[in-house]
Amino acid sequence: MEDATAVHVPAPPVTGWEPRLVGFLCYWCSYTGADSAGTARIKYPPNLDIVKVMCSGRIDPELVATAFAHGADGVLVLGCHIGDCHYISGNHKTMVRMPLLRRLLGDLGIEPGRFRHEWVSAAEGEKFAKLVTEMTEHVRALGPLRWPALLWARGVGHGADLRPWGE
Amino acid sequence: MNMATNGKLKIAMYWAASCGGCDISLLEIGPRLLELIQIADVAFWPCAADFKYTDVLGYPDEALDICFFNGGIRNSEQEEVARLLRRKSRTLIAYGACAGGGGIPALANLTTPRQICDAVYHTNPSIDNPQGVEPEPLYPSPLGELEIPELYPAVLRLADLVPVDYELPGCPPQADRVWEAIQTVAGGAVPPRNRAVKVGCTDKTVCDECPREKKQVKIREFRRHHQMRPEPGWCLLEQGLVCIGPATRGGCGALCLKADMPCEGCYGPPADADDQAASMIGAVGALVEAGTEERAAALVAGIPDPVGSFSRFSLASGLLKVAK
Chain A
132 MEDATAVHVP
142 APPVTGWEPR
152 LVGFLCYWCS
162 YTGADSAGTA
172 RIKYPPNLDI
182 VKVMCSGRID
192 PELVATAFAH
202 GADGVLVLGC
212 HIGDCHYISG
222 NHKTMVRMPL
232 LRRLLGDLGI
242 EPGRFRHEWV
252 SAAEGEKFAK
262 LVTEMTEHVR
272 ALGPLRWPAL
282 LWARGVGHGA
292 DLRPWGE
Chain B
343 MNMATNGKLK
353 IAMYWAASCG
363 GCDISLLEIG
373 PRLLELIQIA
383 DVAFWPCAAD
393 FKYTDVLGYP
403 DEALDICFFN
413 GGIRNSEQEE
423 VARLLRRKSR
433 TLIAYGACAG
443 GGGIPALANL
453 TTPRQICDAV
463 YHTNPSIDNP
473 QGVEPEPLYP
483 SPLGELEIPE
493 LYPAVLRLAD
503 LVPVDYELPG
513 CPPQADRVWE
523 AIQTVAGGAV
533 PPRNRAVKVG
543 CTDKTVCDEC
553 PREKKQVKIR
563 EFRRHHQMRP
573 EPGWCLLEQG
583 LVCIGPATRG
593 GCGALCLKAD
603 MPCEGCYGPP
613 ADADDQAASM
623 IGAVGALVEA
633 GTEERAAALV
643 AGIPDPVGSF
653 SRFSLASGLL
663 KVAK
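In structure tokens:
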């Protein structure tokens, strides 16, 4: 711990670095929209890892924070357009949470472009592909986020003398 | 110091990066202190009596039965004492919000030590420091080299450094909960070693203990305390005051709410949440009626300082912990 600032997690070389994006997509509209992008053979970058959830109202802000904490360079949240929610009002909750979450992430120094929240219907495969392309390029320009390395550099996780007793 | 073999428990209390309120809160158990003293000897409590680190160094390992450690870890001295007390204690309790989740001092994780030093020694309007003096870890004085602790790049929780057996949340922990926890741990109702299990609190939220009525109406506007006079007996959050109760572990008895003040979240995130701020954002989403996206954005813009309000006491135990 004395040398907390001198210890580094070896950073992966920036050459060859690809943005790693995590997407939380609602099952009824946005995931189907992503599917339709594939069916229509629309090209978009392969940088988005999609997590399918039943409703964007189910996307706990903790999921987004966890993705960043584990090293995601960007997070994309997609849900049904307002009025189209399969569960009637799930996305009304998303609509309130996401701008607030964006402010929280901004307070923590995460650039606005790393977190996007949009509505994509089942028919909007093109919009989905465009969003992923835009966001990948935006995050590529911003560079890697690497939250785990940031925590390490600030001294978090070193002591971690959390061995069970008796060892 | 001679470790008396009078059959009494040996207890210790230490104060790291915190305000000192935790030390006072142990005294707040009042007349029960006399009961405590009947079963326990104080073997180390620098705030209350003249103990030195060398006293503790002289104790055999695990000589202290219960150590209450309050405060986060901000510098090298605190880390050293944390490791020392861990070695000398059978049961180590992270006492209070700072030891458990960083507390108020952890809000400094939103800046860097450099920015802190700049503000404190150079740029604050009241600073008069023409030579630009800053504290140095080592100072060669005529009488020999003086050493001061090194400031760490972030405030850590006690559990970030050493295994913690129990956590007693609160800023400060409420006296009745403290007494219950002492009885639980000292009475052997729980094993001396555990993995940062929470004591002196409930698994539910502050709302569960709050006497104010929820009228099941949606929030239409956020306001601050100076802009309104809250209606007595009615949920403050429903009235538009930012109350962190739904994202805060219960145990305090909703004391602030009983005084018409919103919960600030000092008992940390509830049992099923890792990040208090994220948990609160989740709760706000369910309680606000916005109708349109524009209205939703305008409404949440009325909440001042999300990170400072929602993770005021728990930034170091949250998911992201620091600002970039």
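Going line by line, the protein sequences match chains A and B. Residues in the first sequence are numbered consecutively from 132, following the numbering used here. Residues in the second sequence are numbered consecutively from 343, following the numbering used here. Here a beta-carbon is modelled for each residue, glycine too, at the ideal position from N, C-alpha and C.
message: I'd like to know if the segment 529-546 of chain B and the segment 385-395 of chain B are in contact, where contact means that at least 3 CB-CB pairs between them fall below 8 Å.
response: Proximity of the segment 529-546 of chain B to the segment 385-395 of chain B falls short of the contact definition, fewer than three beta-carbon pairs being nearer than 8 Å.
- prompt: What's the gap between the Cα of B:PRO574 and the Cα of A:LEU262?
  reply: One C-alpha to the other measures close to 48 Å.
query: What residues from the segment 181-205 of chain A come within 8 Å of chain B, judged by C-beta to C-beta, listed N to C?
result: Result list: GLY188, ASP191, PRO192, GLU193, VAL195, ALA196, THR197, PHE199 and ALA200.
task: Starting from the beta carbon of A:TRP148, find every residue of chain B whose beta carbon is closer than 8 Å, and list them in chain order.
output: Within 8 Å Cβ-Cβ: nothing; A:TRP148 doesn't reach chain B, min ~17 Å.
- request: Specify the secondary structure class of B:ARG535 as computed by DSSP and reduced to three states.
  value: B:ARG535 falls in the coil class under three-state DSSP.
task: Ignore the nearest five residues each way along the sequence and tell me which others in B:PRO612's own chain have a CB closer than 6 Å to its CB.
output: Excluding positions up to five away in sequence, the list reads THR547 and ARG591.
query: What's the gap between the Cα of B:GLU606 and the Cα of B:ALA596?
result: One alpha carbon belongs to B:GLU606, the other to B:ALA596, and they sit about 11 Å apart.
field: Contacts of A:GLY274 in chain B (Cβ-Cβ under 7 Å)
entry: Near A:GLY274 there are no residues of chain B at all, since even the closest Cβ is about 12 Å away, more than 7 Å.
message: I want to see whether chain B comes within less than 8 Å of A:MET226, judged by CB atoms only; does it?
response: Interface residue, yes.
message: Please report whether the beta-carbon of A:LEU235 lies at a distance below 8 Å from any beta-carbon of chain B.
response: Chain B contact via Cβ: present.
query: At a cut of 8 Å, does the segment 165-185 of chain A reach the segment 240-260 of chain A through at least three beta carbon pairs?
result: Because the criterion of three Cβ pairs below 8 Å is met, the segment 165-185 of chain A and the segment 240-260 of chain A touch.
message: Considering only DSSP beta bridges, list what B:TYR481 is partnered with.
response: Bridge partners of B:TYR481: B:LEU488.
- request: Quick one: residues in its chain with C-beta nearer than 8 Å to the C-beta of B:LEU351, no 5 flanking neighbours on either side, listed in chain order?
  value: Cβ within range, chain order: ILE381, ALA382, ASP383, ASP407, ILE408 and ALA528.
message: Which residues does DSSP list as the beta-bridge partners of B:THR544?
response: In the DSSP assignment, no residue is bridged to B:THR544.
message: Could you check whether the Cβ of A:ASP238 sits closer than 8 Å to any Cβ belonging to chain B?
response: For A:ASP238, the closest Cβ of chain B is nearer than 8 Å.
message: I believe B:ALA448 touches B:GLY400 by the beta-carbon criterion, under 8 Å. Please report the beta-carbon distance rounded to the nearest angstrom.
response: Not confirmed; about 33 Å, so no contact.
- request: Return the first residue and the last residue of the alpha helix (DSSP H) that A:THR163 is part of.
  value: Here the alpha helix (DSSP H) through A:THR163 covers 161-170.
query: A:PRO230 versus chain B: which residues are under 7 Å apart at the beta carbon?
result: Correct list: ALA638, ALA639 and VAL642.
- request: Return the chain-ordered ranges of every alpha helix (DSSP H) run that is complete within the segment 171-239 of chain A and spans a minimum of 4 residues.
  value: Taking only runs of at least 4 residues, the alpha helix (DSSP H) segments lying wholly in the segment 171-239 of chain A are 192-200 and 221-238.
message: Which residues in chain A have a C-beta closer than 7 Å to the C-beta of B:ILE623? List them in chain order.
response: The contacting residues are PRO192, ARG228, LEU231, LEU232 and LEU235.
message: Measuring alpha carbon to alpha carbon, tell me which residue in A:LEU231, A:ALA198 and A:ASN222 is nearest A:CYS157.
response: Minimum Cα distance to A:CYS157 is reached at A:ASN222.
- request: Can you pull the chain A residues whose beta carbon is under 7 Å from the beta carbon of B:PRO648, in chain order?
  value: Neighbours of B:PRO648 on chain A, chain order: LEU231, ARG234, LEU235 and ASP238.
message: Taking the beta strand (DSSP E) that A:HIS248 belongs to, which residues open and close that run?
response: Here the beta strand (DSSP E) through A:HIS248 covers 246-250.
- request: Consider the Cβ of B:GLU573: report whether some Cβ of chain A lies at a distance smaller than 8 Å.
  value: Among the residues facing chain A, B:GLU573 is not included, as its CB has no counterpart in that chain under 8 Å away.
- prompt: A:ILE241 touches chain B at which residues, Cβ-Cβ below 7 Å?
  reply: Here the neighbours are LYS666.
task: Using a threshold of 8 Å, state whether the C-beta atoms of A:TRP250 and A:ILE213 are closer than that.
output: By the CB criterion at 8 Å, A:TRP250 and A:ILE213 fall inside the cutoff.
task: Could you pull out every residue in the same chain whose Cβ sits closer than 6 Å to the Cβ of B:PRO588, ignoring the five residues on either side in sequence?
output: THR547, CYS549 and ALA625.
task: Report the neighbours of A:ILE213 on chain B: residues whose CB is nearer than 8 Å to its CB, in chain order.
output: Chain B residues near A:ILE213: THR634 and GLU635.
query: Closer than 7 Å, Cβ to any Cβ of chain A: which residues of the segment 542-567 of chain B, in chain order?
result: Of all residues in the segment 542-567 of chain B, none has a C-beta nearer than 7 Å to a C-beta of chain A.
- prompt: Are A:VAL182 and A:GLY154 close, meaning C-beta to C-beta below 8 Å?
  reply: Yes; because the gap between Cβ atoms is below 8 Å, this pair is in contact.
message: Can you confirm whether B:GLY287, when its beta carbon is compared against all beta carbons of chain A, has any partner nearer than 8 Å?
response: Outside the modelled stretch of chain B, which goes from 343 to 666, sits residue 287 of chain B, for which no answer is possible.
query: Would you call the CB atoms of B:PHE411 and B:LEU434 closer than 8 Å?
result: A Cβ-Cβ contact shorter than 8 Å links B:PHE411 with B:LEU434.
- prompt: Per DSSP, B:TRP576 forms a beta bridge with which residues?
  reply: Beta-bridge pairing links B:TRP576 to B:GLU555.
query: Taking the C-alpha atoms as reference points, what is the distance between B:ASN536 and B:GLY610?
result: Taking the straight line joining both Cα atoms gives about 19 Å.
query: Tell me which same chain residues have a C-beta within less than 6 Å of the C-beta of B:LEU493, skipping the five on either side of it?
result: Same-chain partners within the cutoff: ASN417 and PRO455.
- request: Compare the C-beta of A:LEU281 against all C-beta atoms of chain B and say whether one is closer than 8 Å.
  value: At least one chain B Cβ lies under 8 Å of A:LEU281.
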